[in-house]
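A.B. asks: First, the structure itself, so that you have it in front of you.
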Amino acid sequence: MIIILNNSKAAQIKQLLNTHFGGKTDIFTHGNRIALNKVTPDQLTDDEKAGIADIIMDHPGAVQSSRALHPEDTIIKLPHTQIGGYGNFVMMAGPCSVESEAHVSAMAKVAKDGGATVLRGGAFKPRTSPYSFQGLGVAGLKYLREAADKQNMDMITEVMDEEHLEVVCQYADMIQIGARNMQNFSLLKAVGKTRKPVLLKRGMSATIDDLLNAAEYIAAGGNTQIALSERGVRTFDDKYTRNTFDVSAVPVLKKLTHYPIIADPSHAEGHWDLVTPMALAATASGSDGIVVEIHDNPEKALSDGPQALKPKTYKKMTSEVFALHDMLNSFNQQEGAVVNG
Ligand code: PEP
Ligand code: MN
Numbered sequence: 002m003i004i005i006l007n008n009s010k011a012a013q014i015k016q017l018l019n020t021h022f023g024g025k026t027d028i029f030t031h032g033n034r035i036a037l038n039k040v041t042p043d044q045l046t047d048d049e050k051a052g053i054a055d056i057i058m059d060h061p062g063a064v065q066s067s068r069a070l071h072p073e074d075t076i077i078k079l080p081h082t083q084i085g086g087y088g089n090f091v092m093m094a095g096p097c098s099v100e101s102e103a104h105v106s107a108m109a110k111v112a113k114d115g116g117a118t119v120l121r122g123g124a125f126k127p128r129t130s131p132y133s134f135q136g137l138g139v140a141g142l143k144y145l146r147e148a149a150d151k152q153n154m155d156m157i158t159e160v161m162d163e164e165h166l167e168v169v170c171q172y173a174d175m176i177q178i179g180a181r182n183m184q185n186f187s188l189l190k191a192v193g194k195t196r197k198p199v200l201l202k203r204g205m206s207a208t209i210d211d212l213l214n215a216a217e218y219i220a221a222g223g224n225t226q227i228a229l230s231e232r233g234v235r236t237f238d239d240k241y242t243r244n245t246f247d248v249s250a251v252p253v254l255k256k257l258t259h260y261p262i263i264a265d266p267s268h269a270e271g272h273w274d275l276v277t278p279m280a281l282a283a284t285a286s287g288s289d290g291i292v293v294e295i296h297d298n299p300e301k302a303l304s305d306g307p308q309a310l311k312p313k314t315y316k317k318m319t320s321e322v323f324a325l326h327d328m329l330n331s332f333n334q335q336e337g338a339v340v341n342g
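In this text, residue positions in the sequence shown follow my numbering: the first is 2, and each later residue adds one.
See below:
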């Protein structure tokens, strides 16, 4: 349960609650809010009750992720980018895999020209088949870093296992945990011990609570620089789309958690011509940004060619997405918070 304390008595009641429940359960505080895991209101003393403005029982079990404990948006600050928070909207773009130094450098320029401030690319690739291209490894990290620096961009790349966490952290501004690793709990715990911003992608069969609990593993280690990514889930129909883009996950997550939500229409759809419509849908649904795959020659791409946007299509997509975001933002500014009035 999460308790909202009366401002005037907050410090005193916090002290009482800590003494009463400390060592017996997990306690998390944020401003005048305090979360006590597995405690019920009848366990509170009269003195404690006297300083309480409200008690929230209906919140996700992943309490540190919860807006009920942490009402303000988390804002992740990278050197060139702010992710999350009103008015911030991030474009992350790049090839699925780093293919060569020259190629990632050219793609970084395209990404930047289209308005991206974060360069994405995989150096360690989680491939369905062990015989598919597995990535360039550490060399790929170096090429990505150089390409991002040349364009004054931030860089995000996937970490697949604990073994490579240190070297990935050394090169990247933000690390990605892929869909296939969303419930790799030892990796989540290891990432929780770092202070590196992390983009956690929703597993292909993960519920929203599974995703929030996975984020909680990272937060439990002390790393709360977390963004979540909706990238499509497996459903019964995969004939025309690679996954089913759960667009409703965006407003649901925005309601439940303070972490920024980044939509990935590329992996959700698997086909380039469906990427722009879903990028627009994600923007309209309130996501804090988009991550998208681009390639100048998708037929020759070493991974995920069919879903890659060519440069011209990518730039058209970003201009539409930015225009839509700006328009919606101006309405929100005029009308204030959404209420069912
Ligand atoms: C990727 O971003 O390249 C990737 C492999 O994504 P996902 O983990 O969502 O499949
Ligand atoms: Mn990919």
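Backbone N, C-alpha and C define an ideal beta-carbon position, used for all residues, glycine too.
1. Would DSSP call E73 helix, strand or coil?
2. Within 10 Å of its beta-carbon, does D305 have 16 or more other beta-carbons around it, so buried, or fewer, so exposed?
3. So which of A228, D274 and G204 has the shortest CA-CA distance to D247?
4. Which class does H31 belong to by DSSP, given the choice of helix, strand or coil?
5. Got a sec? Which residues, its chain only, sit under 7 Å from L70 by beta carbon, not counting five neighbours each side?
6. Is the closest heavy atom of ligand 1 to the C-beta of R243 under 7 Å?
7. Have a look at I53, V160 and T225 and flag the residue whose alpha-carbon is nearest the alpha-carbon of I14.
8. Given a cut-off of 8 Å, decide if D211 and R232 are closer than it, judged by their beta-carbon atoms.
9. Using DSSP with H/G/I as helix, E/B as strand and the rest coil, what is D247?
10. DSSP on M279, reduced to helix/strand/coil?
11. Answer yes if the segment 78-91 comes into contact with the segment 293-312, meaning at least three C-beta pairs across the two stretches below 8 Å, and no otherwise.
12. If you draw a straight line from the alpha carbon of S320 to that of S249, how long is it in whole angstroms?
13. May I ask whether a heavy atom of ligand 1 can be found less than 7 Å away from the beta carbon of R34?
14. For A94, is the classification buried or exposed, using 16 other Cβ atoms within 10 angstroms of its Cβ as the cut-off for buried?
15. From this set, Q308, P252, K126 and F323, which residue's C-alpha is nearest L281's C-alpha?
16. State yes or no: is the C-beta of T258 within less than 8 Å of the C-beta of R68?
17. Under DSSP, the alpha helix (DSSP H) around G193 begins and ends at which residues?
18. One question on the structure: do T236 and T245 come within less than 8 Å of each other, judged by their Cβ atoms?
19. Would you list the residues whose beta-carbon is nearer than 5 Å to any heavy atom of ligand 2, in the order they occur in the chain?
20. What distance in whole Å lies between the Cβ atoms of P261 and D289, which are believed to be in contact at a cut-off of 8 Å?
21. Find the nearest neighbour of K113 within the set K316, S331, A180 and I76, judged by alpha-carbon distance.
22. Let me know the alpha helix (DSSP H) ranges lying completely inside the segment 102-128, each 4 residues or longer, listed in chain order.
23. Within the present structure, is the beta-carbon of P131 separated from the nearest heavy atom of ligand 1 by less than 7 Å?
24. In angstroms with no decimal places, state the Cα-to-Cα distance between S106 and W273.
25. Which runs of the beta strand (DSSP E) at least 3 residues long sit entirely within the segment 206-238? Give them in chain order.
26. Indicate, with yes or no, if ligand 1 has a heavy atom lying under 7 Å from the CB of P127.
27. Taking 7 Å as the line, does the beta carbon of G115 fall inside it for any heavy atom of ligand 1?
28. Going by beta-carbon coordinates alone, are T82 and T118 separated by less than 8 Å?
29. Given Q135, which residues of its chain have a CB within under 7 Å of its CB, disregarding the five upstream and five downstream residues?
30. In whole angstroms, what is the alpha-carbon distance linking L351 and E49?
C.D. replies: According to the structure shown:
1. coil
2. buried
3. G204
4. strand
5. I3, F29, H31, R34, A36 and V64
6. no
7. I53
8. no
9. coil
10. helix
11. no
12. 23 Å
13. no
14. buried
15. F323
16. yes
17. F186 to K194
18. yes
19. C97 and D305
20. 4 Å
21. K316
22. 102-114
23. no
24. 22 Å
25. 227-231
26. yes
27. no
28. yes
29. K126 and R128
30. Given a span of 2 to 342 for the chain in the structure shown, any question on residue 351 remains unanswerable.
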